[in-house]
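Residue numbers (the numbering used here): 2 to 145.
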């Protein structure tokens with residue numbers, strides 16, 4: 002009985018980590034480091050991830066693939082920089098500082114003009130935050 006209890010406790014605290022196909026990372030992050038409704042996860046990270054995830058099946062093959070790659074990159078960059086005593090402010094800064102780099106590294110610049118406009122529209126859409134607007138405004142200028 003004690004062994005089963007230990008297995009349940011251990012397995013429930015395992016962080017699944019970054020994913021190309023899911024936004025569960027953000028829910029796990031919020032559970033581990035709760036920052037509330039105005040924190041990065043609930044206000045920006047998870048909503049943007051879910052917007053991309055929902056839009057993915059209706060996009061070109063190239064854009065759908067890009068959504069998967071950027072999803073993983075954003076989650077992975079944040080995951081690599083988390084530490085036991087990370088603050089909500091640090092989570093926000095770590096996450097936001099990785100967006101432009103992940104967009105470039107995953108091939109945003111190779112997308113067609115129409116695909117790029119779709120990304121800008123989704124990024125600035127219904128997530129009315131300063132961060133979303135800032136990212137959307139940076140996107141057209143990140144490509145040489």
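Just so it is clear, CB atoms sit at the ideal spot from N, CA and C, and this is done for glycine as well. Computed from a predicted model, the values in this text were never measured in an experiment.
If you count every other CB in all the chains shown that lies within 10 Å of the CB of residue i, and 16 or more means buried, which is it?
i	result
residue 40	buried
residue 55	exposed
residue 13	The pLDDT assigned to residue 13 is 43, lower than 50, so where the model puts this residue is not dependable; a value taken from the coordinates is nonetheless given after this. The residue in question, residue 13, is exposed, as its Cβ has fewer than 16 Cβ neighbours within 10 Å.
residue 93	buried
residue 7	Any reading at residue 7 must be qualified, since the residue scores a pLDDT of 37, below 50, and its modelled position is unreliable; the value itself is stated next. By the 10 Å Cβ count, residue 7 comes out exposed.
residue 120	buried
For residue i, which three-state DSSP category applies?
i	result
residue 70	helix
residue 108	coil
residue 48	helix
Determine the closest residue to residue i out of the options, with distance taken between C-alpha atoms.
i	options	result
residue 96	65, 106, 83, 107	83
residue 78	145, 64, 123, 19	19
Does the distance from the C-beta atom of residue i to that of residue j stay below 8 Å?
i	j	result
residue 70	residue 21	yes
residue 143	residue 101	yes
residue 116	residue 63	yes
residue 76	residue 26	yes
Could you tell me which whole beta strand (DSSP E) segments of length 3 or greater appear in the segment 73–104?
Listed in chain order, there is nothing to give.
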